[in-house]
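A.B. asks: Just so we're aligned, residue 1 is where the sequence shown starts under UniProt numbering, counting upward by one.
Note that CB positions come from ideal geometry on N, CA and C, so glycine has one too.
Here you go, one structure.
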Amino acid sequence: MDNIVSGDINKTGGLQKELEIFNGARVMLRSNINIEQGFVNGAMGIITEIIWPLFRRDHIYDTDIPSVRIDFGKDGIHLIKPKSIQFSTLRNYGTIERTQLSLIL
């Protein structure tokens with residue numbers, strides 16, 4: 001798959017191949033979530049909670065993608081959910097959909 005998917009996150013809808021997160025991690029949004037409240041691309045915050053699907057405490061499957069609560073300081077704490085983005089493959093083999101939190105560390 002690496003030979004048909006760009007390693008440049010600017011060509012994959014801003015989503016990385018993998019994203020390792022943890023409570024206390026300083027992160028930056030890679031997309032606009034809520035412009036009026038200041039949750040925009042480039043906003044910095046700290047992960048305060050990781051919320052796994054189906055109320056589990058940990059992930060069970062590799063396909064599990066958690067939501068996170070992020071403290072944006074004066075803008076408050078906001079829930080960020082995974083988003084799905086479709087993008088073109090290299091050499092025009094088609095499109096791929098990647099689902100992930102729109103964050104970088």
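Got a sec? Which residues, its chain only, sit under 8 Å from Ile-46 by beta carbon, not counting five neighbours each side?
C.D. replies: Gly-24, Ala-25, Arg-26, Val-27, Ile-70 and Asp-71
A.B. asks: Please determine, among Gln-100, Trp-52, Ser-31 and Pro-66, the residue with the shortest C-alpha to C-alpha distance to Gly-42.
C.D. replies: Ser-31
A.B. asks: Thinking C-alpha only, which one of Val-68, Met-44 and Val-40 is nearest Pro-53?
C.D. replies: Val-68
A.B. asks: Buried or exposed, going by whether 16 or more other CB atoms sit within 10 Å of the CB of Ser-102?
C.D. replies: buried
A.B. asks: Please state whether DSSP places Arg-91 in a helix, a strand or coil.
C.D. replies: helix
A.B. asks: Give the list of continuous beta strand (DSSP E) stretches no shorter than 3 residues that lie fully inside the stretch 14 to 49.
C.D. replies: 26 to 29
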